[in-house]
Amino acid sequence: MPIEVDGKTFETDEEGYLANINEWVPGVAGVMAAEDELELTDEHWDIINFLREYYEEYQIAPAVRVLTKAVGKKLGKDKGNSKYLYGLFPYGPGKQACRYAGLPKPTGCV
Amino acid sequence: MSDVKKFMYLNRRAPYGTIYAWESLEVILIGAAFDQEVSLMCMDDGVYQLVKGSDTSQSDMKNFMPTYRTLGDYGVRHMYVDKASLEARGLTQDDLIEVAWEDFETEEEVDNIVEIVDADQVAKLMAESEVVFS
Chain A
37 MPIEVDGKTF ETDEEGYLAN INEWVPGVAG VMAAEDELEL TDEHWDIINF LREYYEEYQI
97 APAVRVLTKA VGKKLGKDKG NSKYLYGLFP YGPGKQACRY AGLPKPTGCV
Chain B
3 MSDVKKFMYL NRRAPYGTIY AWESLEVILI GAAFDQEVSL MCMDDGVYQL VKGSDTSQSD
63 MKNFMPTYRT LGDYGVRHMY VDKASLEARG LTQDDLIEVA WEDFETEEEV DNIVEIVDAD
123 QVAKLMAESE VVFS
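Below you can see the structure in the form of structure tokens.
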């Protein structure tokens, strides 16, 4: 179902992931989060921005285990654990945060 | 965990032109994400998969070369390259990408897990693996 952000329409796939990663604007994350009744904080943005950088560098969305490890390395060990990440993204940090970041569904994610 | 198996992925095809290399890479990522002991062996034209500086802008394929560099993060410990295949194509280790590996718990680090092996080692490594995908 396409989503609308500031009057512009964005195509998504059947699971709600953005069809074209290059179209992404920060507003996309806001609209998607509002649909999930979630308010984005700086902590959420840290993860979203981290995922976009990861994709830029490696051309894939990381599996959640890899994301957890990499977040721990980049943002500190207190954040590199499932409890913290699931606290931020209750539908699963891999799936949900990648969706907000405009990335495809993570490889190896079931 | 007792049911960890040693998986080896044997890649013998050029990275672009067909979908084999990309599909293989996705399977490697999935296998590694499930905590299996995964290694990659590049032979024949498969060695081109690890040559750095590929440019796919003139083709319709996504440049997935950067994705090989994430294999260390996924817990892949060894990326082997067959020496004879490399030499037959006029390539050396300098032409290949480097992939780092690190264990976050023990802080053990390996700067580069890409390793060139000769025919005897190839045979030995394959025999040691429980599952070989090609």
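Heads up: the sequence lines are chains A and B, in that order. FYI, in the working numbering the residues of the first sequence are 37 to 146. FYI, in the working numbering the residues of the second sequence are 3 to 136. Ideal Cβ positions, reconstructed from N, Cα and C, are used throughout, including at glycine.
In the three-state reduction of the DSSP assignment, A:Glu59 falls in the helix class, which pools H, G and I.
Residues of the same chain with a CB within less than 6 Å of the CB of A:Ile83, apart from the 5 flanking positions on each side, are Ala133 in chain order. Remark: C-beta atoms of B:Val119 and B:Tyr70 do not approach each other more closely than 8 Å.
Taking 9 Å as the Cβ-Cβ cut-off, the region 96-110 of chain A approaches chain B at Ile96, Pro98, Ala99, Val100, Arg101, Val102, Lys105, Ala106, Gly108 and Lys109, given in chain order. Beta-carbon to beta-carbon, B:Val53 and B:Asp97 are separated by about 5 Å, close enough to satisfy the 8 Å threshold.
Pairing A:Val67 with B:Tyr50, the inter-Cα distance amounts to about 43 Å. Looking only at B:Lys64, B:Ala129 and B:Asp75, the smallest Cα-Cα distance to A:Val102 is reached by B:Asp75. Here A:Glu71 carries a helix assignment [DSSP, helix/strand/coil]. For the 8 Å CB-CB criterion, B:Leu73 and B:Met45 do not form a contact. Any Cβ of chain B closer than 8 Å to the Cβ of A:Glu51 would place that residue at the interface, and such an atom is absent.
The C-alpha of B:Met128 lies about 16 Å from the C-alpha of B:Val78. In the DSSP assignment, B:Leu42 falls within the beta strand (DSSP E) that extends over Glu39 to Cys44. Contact of B:Ala23 with chain A is not assigned, every C-beta pair being separated by 8 Å or more.
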